[in-house]
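**Student:**
Numbering (my numbering), first residue to last: 18 to 127.
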């Protein structure tokens, strides 16, 4: 991951997802500060991604595709990855919904 030396992990994840899935909407949110990690850590992320490529795919297939793409990052410093994967139609139907990530079970802040 030599590219990561010139960009942060959040940007790196965003770029990989954009290149592979050609999303109509994407947001990669660093949620590390909400967990028991060192200041400035990049270990917990929430991904919201909307793409036509998810049409006719079940949620598990969508998640597996993202896990496969980010396997190196998940084997490294990424501890948690909350995925919200939608087609444009599904996304349109969720416009007023808050997309929450699950609580960290590895030692959350108190």
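We put the beta carbon where it would ideally sit given N, CA and C, even for glycine.
Being a predicted model, the structure only gives us computed values, none of them experimental.
Which two residues bound the contiguous beta strand (DSSP E) that contains residue 99?
**Tutor:** Start and end: 97-103.
**Student:** Where residue 47 and residue 30 are concerned, what is the direct C-alpha to C-alpha distance, given to the nearest angstrom?
**Tutor:** Approximately 11 Å between the Cα atoms of the pair.
**Student:** Taking all protein chains shown into account, do 16 or more other C-beta atoms lie within 10 angstroms of the C-beta of residue 39, making it buried, or fewer, making it exposed?
**Tutor:** Residue 39 should be labelled exposed.
**Student:** Could you give the C-beta distance for residue 33 and residue 91, rounded to a whole number, given that I count them as a contact under 8 Å?
**Tutor:** The pair is not a contact, with the Cβ atoms about 12 Å apart (cut-off 8 Å).
**Student:** Among 75, 49, 67 and 80, which residue has its Cα nearest to the Cα of residue 26?
**Tutor:** Answer by Cα proximity: 49.
**Student:** Under 6 Å Cβ to Cβ from residue 98, same chain only, skipping five residues before and after it: list those, please.
**Tutor:** 62.
**Student:** Check each candidate in 96, 88, 93 and 66 and name the one with the smallest Cα separation from residue 106.
**Tutor:** Of 96, 88, 93 and 66, the residue nearest in Cα terms is 66.
**Student:** I need the straight-line Cα distance from residue 37 to residue 102, nearest angstrom please.
**Tutor:** Rounded to the nearest angstrom, the two C-alpha atoms are 14 Å apart.
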